[in-house]
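Report on the structure given below.
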Amino acid sequence: MTDQILHFPYKKHIVSALAIVLTIFVVTYGIFLQNTVDAVVTRSNVENEIADIRSDIGSAEQTFGTHVGSATLTKADTLGFQQTETTRFLTRTIESYTFASANAQNQ
29 MTDQILHFPY KKHIVSALAI VLTIFVVTYG IFLQNTVDAV VTRSNVENEI
79 ADIRSDIGSA EQTFGTHVGS ATLTKADTLG FQQTETTRFL TRTIESYTFA
129 SANAQNQ
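If you use the working numbering, the sequence shown closes out at 135, no skipped numbers anywhere.
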């Protein structure tokens with residue numbers, strides 16, 4: 029009876045198939061691990077860039093604040109700005125679009 033249990037004709041095929049499946053799992057795990065490491069490195073680099081940009085924005089805001097506080101008419105004259113005869117402001121016209129006018133156009 030033990031001879032029949034130990035003598036299995038497909039033993040080599042099963043071991044080969046399991047080795048192939050194990051190899052596929054190991055390769056897949058390696059690929060996913062590499063993608064995870066790449067994502068972490070990319071995220072770290074982007075966070076560093078964001079920190080640099082925030083620092084630049086902060087220093088620009090501080091510079092703007094000091095320039096706004098020191099703006100005078102005499103300084104504007106020395107920089108070449110001139111007083112205008114009439115004051116004009118730029119505005120943007122906003123076209124209104126309502127649902128009722130859309131239905132009227134479609135009919």
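Ideal Cβ positions, reconstructed from N, Cα and C, are used throughout, including at glycine. Owing to the predicted nature of the structure, the values given are computational and were not obtained by experimental measurement.
Measuring only the C-alpha atoms, how far is residue i from residue j?
{"i": "K15", "j": "T112", "result": "Outside the displayed range of the chain (29 to 135) lies residue 15, so it cannot be described from this structure."}
{"i": "I78", "j": "Y38", "result": "60 Å"}
{"i": "T64", "j": "L50", "result": "21 Å"}
{"i": "T137", "j": "Y57", "result": "Any question about residue 137 goes unanswered here, given that the chain covers just 29 to 135."}
{"i": "I48", "j": "V54", "result": "10 Å"}
{"i": "F116", "j": "Q110", "result": "Residue identity check: residue 116 is Arg in the sequence provided, not Phe. Between R116 and Q110, the C-alpha separation is close to 14 Å."}
{"i": "K40", "j": "D66", "result": "39 Å"}
{"i": "G86", "j": "R120", "result": "30 Å"}
Residue range of the alpha helix (DSSP H) that residue i falls in?
{"i": "I78", "result": "39-97"}
{"i": "L107", "result": "101-107"}
Using a Cβ-Cβ cutoff of less than 8 Å, which residues in the same chain neighbour residue i once the five nearest sequence positions on both sides are dropped?
{"i": "V43", "result": "none"}
Who are the Cβ neighbours of residue i in its own chain at under 6 Å, not counting the five residues just before and after it?
{"i": "N76", "result": "none"}
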